[in-house]
Structures are given as structure tokens and as C-alpha cells.
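Here is the structure we will look at.
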Amino acid sequence: MTNNIQFITNPRGQNLGFVKNEISSLNCVWLCGYHSDFFGSKAQTVAETAKENGASSLLFDYSGTGVSEGDFEDGTLSKWLEDAEFMIEQQTKGDLILLGSSMGGWLSLSYAIKHPERVKALILLAPAPDFTKDLMWDKFPQEVKDEITNNGFWLRPSEYDDNGYRVTRELIEDGETHLILHNKIKINVPVTIIHGLKDADVPFARSLELVENLTTPDVRLCYIKEGDHRLSSDDDLAFLKQILTNQIKNLVK
Numbered sequence: 031m032t033n034n035i036q037f038i039t040n041p042r043g044q045n046l047g048f049v050k051n052e053i054s055s056l057n058c059v060w061l062c063g064y065h066s067d068f069f070g071s072k073a074q075t076v077a078e079t080a081k082e083n084g085a086s087s088l089l090f091d092y093s094g095t096g097v098s099e100g101d102f103e104d105g106t107l108s109k110w111l112e113d114a115e116f117m118i119e120q121q122t123k124g125d126l127i128l129l130g131s132s133m134g135g136w137l138s139l140s141y142a143i144k145h146p147e148r149v150k151a152l153i154l155l156a157p158a159p160d161f162t163k164d165l166m167w168d169k170f171p172q173e174v175k176d177e178i179t180n181n182g183f184w185l186r187p188s189e190y191d192d193n194g195y196r197v198t199r200e201l202i203e204d205g206e207t208h209l210i211l212h213n214k215i216k217i218n219v220p221v222t223i224i225h226g227l228k229d230a231d232v233p234f235a236r237s238l239e240l241v242e243n244l245t246t247p248d249v250r251l252c253y254i255k256e257g258d259h260r261l262s263s264d265d266d267l268a269f270l271k272q273i274l275t276n277q278i279k280n281l282v283k
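Residue numbers for the sequence shown follow the numbering used here, so the first one is 31 and each next one is one higher.
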């Protein structure tokens, strides 16, 4: 896969890495989670499933992640959403199935709200809309809030990164401008949500709240009893493959 990586320069002058496979006018676009990249098994499952079912696919890294240029700590929801909009506009034509994991679920929802004319379906894995407020800021102890406010960042430990990563004041403040979960979410296409009951990062109850706030009547919420936040076991990937295959077939009838 490394040999197929291409790059395109975003409006902020950063080279963003991506892999695409053009087959048809139906595009399966993968939106990664926070501090993640498109080399993971879920992204590869999306690309493989799209190809097997005659659909195009697009995988890419936001600025500051994976093979793309930039510093992760400079990232915000606004910048990453801009990257997603730019990449989709430049590298796809036709209808879209957006697949978002964790933060990618928030970005997928935000994109679908802004661009309803192209998005035909959403598949969200452990979606984390509003996480900068509800799962970060509101849950941080006061000493962490003080450190972010006074120093501009807090070095957060992470089981996914031995060095931890910076949670910046800019990320928190910018996230406030993109909050969507506590109002009606005006999306009127099929939405499938997959969430693990053993998710230690994003409580599974948040997906039920998301279902209640979506305006579309066509929503499926699938809980996986043994699923964690990554949803990357063989069974999890097989389930994702099944969901995406069915969605592609529904759209090409």
C-alpha cells in the first residue's frame, strides 16, 4: 500500500497523504479517528470491501497525522474538517458513503450537515461528536484545566502512544464552535452506528443520544458486546465489511 500513496497540498500549504481507488461514481471515504491514520485494519477493510463491490474508495491522513505534513498538536476540528472537505472535493466525484471512526464520526456528521447533496449514507464506528467538551474539558480535573488555560496545553498519557500527546487550548476552544450533539442533527440519509459495550474511551450511551438527535428515521444502532473502542477484532472487521457491502448494494440498485 505504501507504494500507492499520493500527496496533494491543502490550502494551508501542507502535503496530505492519501490512497484512492477509482472504480465508480459511488465513493467510500474513510475518516480516521483522533491521533490515528489510514494504515489501520478498519481503513483497509473499507478499501477492500469497496473494491470487491464495485465502489471507489478514498483513504487519507489529516494534517499532522500519519504521512501528512504538519504537527499534530497544531490540529483542530476546523483544520481537520477543512482537510476532509478539501480532500473529498479534490479526489472524488459523485455520491459518498462516509465512514468515520471516533473523531472521524464527528467530522463525518459535520460534513454531511454542510454537504447534504453528495452524502448518501453514513457508517459511524464509536462516534465521538463533541468529545473535546463532553469527554475532555468537562471531565478534566481543575488542575488539568488550569494547565491548559495557563500553559496552552496538557500532556495527556495515552495507551496508544508511549509519549502521550498534547491537548491544546486551541483544540478545546475550537471544538466549541463545532458542537452538534445536543441539538437536532439535520441529516436525512441512512445512518448505521456501531459501538462496543466495552469502549473505555467513548461511552456507548452517547451513540443512543446521537440516534435520538438525528432527524433521519433510517438509523440503525448496533452494539457489540465484546467490542472495545478500536473495533478491530476479526469479528468486528467482518461485521463492518457486511454493513458496508449491504449499504453499497442498497445504493446501486
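All residues carry an ideal CB built from backbone N, CA and C; glycine is no exception.
How should residue i be labelled, buried or exposed, when 16 other C-beta atoms within 10 angstroms of its C-beta is the threshold for buried?
i           : result
residue 212 : exposed
residue 182 : exposed
residue 91  : buried
residue 157 : buried
residue 190 : exposed
residue 282 : exposed
residue 26  : Because the chain in this structure spans residues 31 to 283, residue 26 falls outside the shown range and cannot be described.
residue 84  : exposed
residue 162 : buried
residue 73  : buried
residue 80  : buried
residue 277 : buried
residue 160 : buried
Name, in chain order, the residues that DSSP records as bridge partners for residue i.
i           : result
residue 268 : None; residue 268 has no bridge partner.
residue 35  : Looking at the DSSP assignment, residue 35 forms no beta bridge with any residue, so it has no partner.
residue 184 : 197
residue 49  : 89
residue 215 : 244
residue 226 : 254
residue 62  : Its beta-bridge partners do not exist; DSSP assigns none.
residue 191 : 188
residue 221 : 152, 249
residue 56  : 125
I'd like the list of long-range same chain contacts for residue i, defined as Cβ closer than 6 Å, with 5 residues on each side in sequence excluded.
i           : result
residue 129 : 60, 76, 153
residue 184 : 174, 177, 178, 197
residue 222 : 153, 250, 273
residue 121 : 50, 88
For residue i, which residues in the same chain have their Cβ closer than 7 Å to its Cβ, ignoring the five residues on either side in sequence?
i           : result
residue 44  : 93, 98, 99, 100
residue 114 : 61, 137, 141
residue 204 : 106, 107, 108
residue 71  : 262, 267
Who are the Cβ neighbours of residue i in its own chain at under 8 Å, not counting the five residues just before and after it?
i           : result
residue 238 : 251
residue 95  : 62, 65, 66, 67, 102, 105
residue 143 : 210, 215, 216, 217
Any contact of the region 214-223 with the region 242-252, i.e. 3+ C-beta pairs under 8 Å? Enough Cβ pairs lie closer than 8 Å, so yes.
For the region 104-157, list the beta strand (DSSP E) runs that are entirely contained and at least 3 residues long, ordered along the chain. Whole beta strand (DSSP E) segments, 3+ residues: 125-131, 149-155.
Does the structure place the region 130-140 close enough to the region 45-64 that three or more beta carbon pairs sit under 8 Å? yes
Could you check whether the region 95-106 touches the region 36-50, counting it as contact only if at least three pairs of C-beta atoms, one from each stretch, sit closer than 8 Å? yes
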